[in-house]
Structures are given as C-alpha cells and as structure tokens.
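Each remark here refers to the structure printed beneath this line.
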Amino acid sequence: MATYFLRKLFYGLLVLTGVVTVVFWMFQGFGDPARLVMGQTGDSATINNIKKELYLDQPKWKQFLLYVNDVSPIAVHSQTDIEKKQLKGLFVGGEHKLAFKWPYLRRSYQTKKQVGEVLLEALPGTIMLAVAAMLLATVLGIFLGVVAAVKKDTWMDTSAVFSSIIGISAPSFFMGILIAYFFGFVLSKYTGLNMTGSWFDIDVQTGEHYYTLQNLLLPALTLGIRPLAIITQLTRSSMLDVLNQDYVRTAYSKGLSSRAVIWKHALRNALNPVITAVTGWFAELLAGAFFVEYIFGWKGIGKVTVDALEKLDYPVVMGSVLLSAFIFVLINILADLLYGIVDPRVRVS
C-alpha cells in the first residue's frame, strides 16, 4: 500500500509540474504586468522598478525558474527574499537557505495582498458550497439509483432515468439563471431566498460578520443537479449488475430480508463506480464552480477568479488554477485509497 501511495503521489507531482508550466507560459506573456500594476499613468522609472521587482527584466527561462522556485514547497531563497516575500516555513542554511515552505503565489496586482491570503479567504465558501452540493447529490442519487434498480421497468425507474437525463443535459450556468430567477426573484416572498448572497453578511451598525446559510440553498441545488443525475444513473446500472450475482441470490435463499440484502450486501459492492463519480465531481466542484458562484454572488474561489480575470489580475488567476489543480490531484489520490476500504475485492499490488 505504501508503494502504491508513493507511486500515485509521484504521478500527482508530475501533473502539478505540468500545470505550473502551462499556467506560467499562458499568463506571463499576456499584457505588461508592470502596466497592469501602475496603470497607463505610471512613469518609465517606476515601471522599470516594478519590472525588476517582478523579475520581468530577466529572460523568460529565468522568470520561469524563479516562478517555480516561488511556488515549490522545497526551494532555495535568500534571507532578503524570505523577509521581502514574508515566506512561512522552515529555513536552513546561511545567506541562501534551503526552504521547506508554504508555496508563495506572489501578490495581487490590484490589492497588493498576497495571493495565498486572497484564496484562503475565499476557500471556505467554496468548500461549504461543494460539500453541500455533493451531500445533496450523493444521498439523493444513491437512494434514487437503488430504488430505480429494485423497481426496474416501473414508473419509479422511468421517472428516475428521465429526470437524470434532463439533469445531465442541463448546463449548470443555465440552471443557475433559471433557479435564481424563479426561486430568488419571482417566488422570493414565499421562499424567503435571495438571488445573490454569500455565506456571511455584514451588520451595518457593528461591521461584524454573521453566517447566513440560507444563501447556500440555491447555489448548492444548482451545483448538485448534474452530479445527482450522474450518480443516479451509475448507482442504477451498478445495482442492476450486482443484483444478478450469485451471492445475492444466496443471501435471499438464506432468508435475509430484502432491506438487508439490498442496502448491506448489494449496495456495498456496487459503490466503486459511484465513489469514482462522487470524488471526481467533488474535486471539480471544490476546484471552483466559477459560473455558479458568479451568478449567485457566492464568495468562493470561482468568483474571486472571475473577478480577477475581469481586472487582468493574473497572479490571482494563476494561483487559483494551481490551487484547483492541487485539490483535484489530492482528492483523486484519496479516492484511489478508498477503493480498498469500500470493496474488499480490490487488491493493491
């Protein structure tokens, strides 16, 4: 198991290396970062100083190596760099230190805040939204899939299949607009829900933040529709296959109740493809449901990234992509390790 884990970790690092390379070469050549920082009114001397600070006066290959050194958790930094960039971690050595640190994603062109701080402020909102959406999709999807398989060729089965097809076909941004309009505007006096709103509000008198989780309902519903449809389909197909296995018939012949056979024995062995779907969709949602967050004004990684793109704030965009890729890789590694726990038939060589 340890060898398997290390191999998956190595593959994950290769993926992240590729993402870092693509992200740098995509965004570093767009526009003039010094102009984006200063605007069109900056004088040439100030812009030259900013170019030096951002390493833009160096050759492209050297800019890339410096960027990799910044985002890598194991790097080499001078004492001046450590103090200037406010790096956090363990540093060993003299003037040039071996650093075991949090990745440094540089600073926002617009707010001058560290990109890591900007993303960490938005991350709780994305986590809450992704967890709520996947919890809704997983519980309902597995339940509907099992019911559709057990009641095959009945109206329950037909309704579940038809609904899942509609859910798979409908884009999230389209459903988001409809749901926001009808439940957050047309029917708002009955639902008590708003078209937009984050997971906290600010008291106008005290300035304090307080939680308003009712704003979570509409974006979570919108975000959970497609994974709900896919999980329903996968659970139904997998359960139909499992219910025809010999051990299920043996369990019935031993006098076990239908509930015990279906939910305890059959469902457990049908969960592998469902786990793949759940972890894959959760990674995707956690990595940033850009349009849904933007439509509902939900403060998360997606909305921060779209806002940064509008303002050409490339360090925030680059940091967001790297964070999303890291989350996706991490969750997929954890999913692979879960297979052996859920299904004893899985053996890792």
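Note that the UniProt record's numbering numbers the sequence shown so that position 281 is 281, with each residue one more than the last.
Glycine included, C-beta positions come from ideal geometry on N, C-alpha and C.
- request: Kindly indicate which residue of Val242, Arg259 and Leu330 has the alpha-carbon position closest to the one of Glu284.
  value: Counting from 1 along the sequence shown, the entry for residue 284 is found at position 284. That would be Leu330, whose Cα lies nearest to the Cα of Glu284.
- prompt: Secondary structure at Lys8, three-state DSSP: helix, strand or coil?
  reply: Stepping through the sequence shown from its first residue, residue 8 is reached at position 8. Note: Lys8 maps to helix in three-state DSSP.
- prompt: Can Leu256 be considered in contact with the ligand ZN, in the sense that its beta carbon sits closer than 7 Å to one or more heavy atoms?
  reply: By its list of ligands, the structure shown contains no ligand whatsoever, and the ligand ZN lies outside what it can speak to.
Close beta carbons around Val92, own chain, < 6 Å, minus the five adjacent residues each side: In the sequence shown, counting from the first residue as 1, residue 92 sits at position 92. Answer for Val92: Leu98, listed in chain order.
task: Determine the closest residue to Gly300 out of Lys152, Met26 and Leu129, with distance taken between C-alpha atoms.
output: On the sequence shown, position 300 is the one that residue 300 refers to. Nearest of Lys152, Met26 and Leu129 to Gly300, Cα basis: Leu129.
- prompt: Candidates Gln58, Val292, Val146 and Ala325: which alpha carbon is nearest Lys264's?
  reply: On the sequence shown, position 264 is the one that residue 264 refers to. Closest by alpha carbon: Val146.
query: Identify the residues that DSSP records as bridge partners of His265: which are they?
result: Walking along the sequence shown from the start, residue 265 turns up at place 265. His265 pairs with nothing; no bridge assigned.
message: Using only the alpha-carbon positions, how far apart do Glu121 and Val131 sit?
response: Along the sequence shown, one-based indexing puts residue 121 at 121. Along the sequence shown, one-based indexing puts residue 131 at 131. Going by the C-alpha atoms only, they are around 17 Å apart.
- request: Could you say which of Thr222, Thr212, Ser320 and Met134 lies nearest to residue 355 if we only look at CA atoms?
  value: No information on residue 355 is available, as it lies outside the stretch 1 to 349 that the chain covers here.
query: For Lys97, which of helix, strand or coil comes out of DSSP?
result: Position 97 of the sequence shown, counted from the start, is the residue given in the question as residue 97. Lys97 falls in the strand class under three-state DSSP.
- prompt: Is it a yes or a no for the region 170-180 touching the region 290-297, going by three-plus beta-carbon pairs under 8 Å?
  reply: yes
field: Buried or exposed by the 16-neighbour rule on C-beta atoms within 10 Å, applied to Trp61
entry: Your numbering for residue 61 matches position 61 in the sequence shown. Its Cβ having fewer than 16 others within 10 Å, Trp61 is exposed.
- prompt: In terms of residues, what are the limits of the beta strand (DSSP E) holding Val76?
  reply: As a working note, residue 76 is residue 76 in the sequence shown. Ile74 to Ser78 is the span of the beta strand (DSSP E), which, as asked, contains Val76.
- prompt: Based on Cα-Cα distance, which residue from Phe282, Arg107 and Leu66 lies nearest to Phe328?
  reply: If you number the sequence shown from 1, residue 328 lands on position 328. Checking every option, the nearest Cα to that of Phe328 belongs to Phe282.
query: Ala277 and Ile230 look like a contact to me (Cβ under 8 Å); what is the Cβ gap, rounded to whole Å?
result: For the purposes of this step, residue 277 is taken as the residue at position 277 of the sequence shown. For the purposes of this step, residue 230 is taken as the residue at position 230 of the sequence shown. Contact flag correct, Cβ pair sits at about 5 Å.
query: Do the region 136-146 and the region 230-243 make contact, defined as three or more Cβ pairs closer than 8 Å?
result: yes
- request: Output the distance between the C-alpha atoms of Lys112 and Gly197, rounded to the nearest integer angstrom.
  value: Counting from 1 along the sequence shown, the entry for residue 112 is found at position 112. Counting from 1 along the sequence shown, the entry for residue 197 is found at position 197. In a straight line, the C-alpha of Lys112 is about 26 Å away from that of Gly197.
Exposure of Thr222, with buried meaning 16 or more beta-carbon neighbours within 10 Å: Taking the sequence shown and counting its residues from 1, one reaches residue 222 at position 222. Result: buried.
task: For the beta strand (DSSP E) holding Phe182, just list the boundary residues, first then last.
output: Here residue 182 corresponds to residue number 182 of the sequence shown, with the count starting at 1. Segment: none, Phe182 is in no beta strand (DSSP E) and carries neither H nor E.
- prompt: Got a sec? Which residues, its chain only, sit under 7 Å from Tyr252 by beta carbon, not counting five neighbours each side?
  reply: Counting from 1 along the sequence shown, the entry for residue 252 is found at position 252. Only Val261 meet the Cβ criterion.
task: May I have the straight-line CA-CA distance separating Asp70 from Ser78, to the nearest angstrom?
output: In the sequence shown, counting from the first residue as 1, residue 70 sits at position 70. In the sequence shown, counting from the first residue as 1, residue 78 sits at position 78. Going by the C-alpha atoms only, they are around 12 Å apart.
- prompt: What beta strand (DSSP E) runs, 3 residues minimum, are completely inside the region 100-169?
  reply: none
message: Please state the DSSP three-state secondary structure of Asp201.
response: By one-based count along the sequence shown, residue 201 stands at place 201. Correct three-state label for Asp201: strand.
message: Just to confirm before moving on: does the CB-CB distance between Ile290 and Val316 stay below 8 Å?
response: One-based indexing of the sequence shown puts residue 290 at position 290. One-based indexing of the sequence shown puts residue 316 at position 316. Ile is not the amino acid found at residue 290; the sequence shown has Phe there. No. Outside cutoff.
- request: Can you tell me the Cβ-Cβ gap for Lys311 and Gln110, rounded? I've got them flagged as a contact below 8 Å.
  value: Working through the sequence shown from its first residue, we reach residue 311 at position 311. Working through the sequence shown from its first residue, we reach residue 110 at position 110. Right, their Cβ atoms sit about 5 Å apart.
- prompt: In the DSSP assignment, what are the bridge partners of Leu90?
  reply: In the sequence shown, the residue the question calls residue 90 occupies position 90. The partner list for Leu90 (beta bridge, DSSP) reads Phe100.
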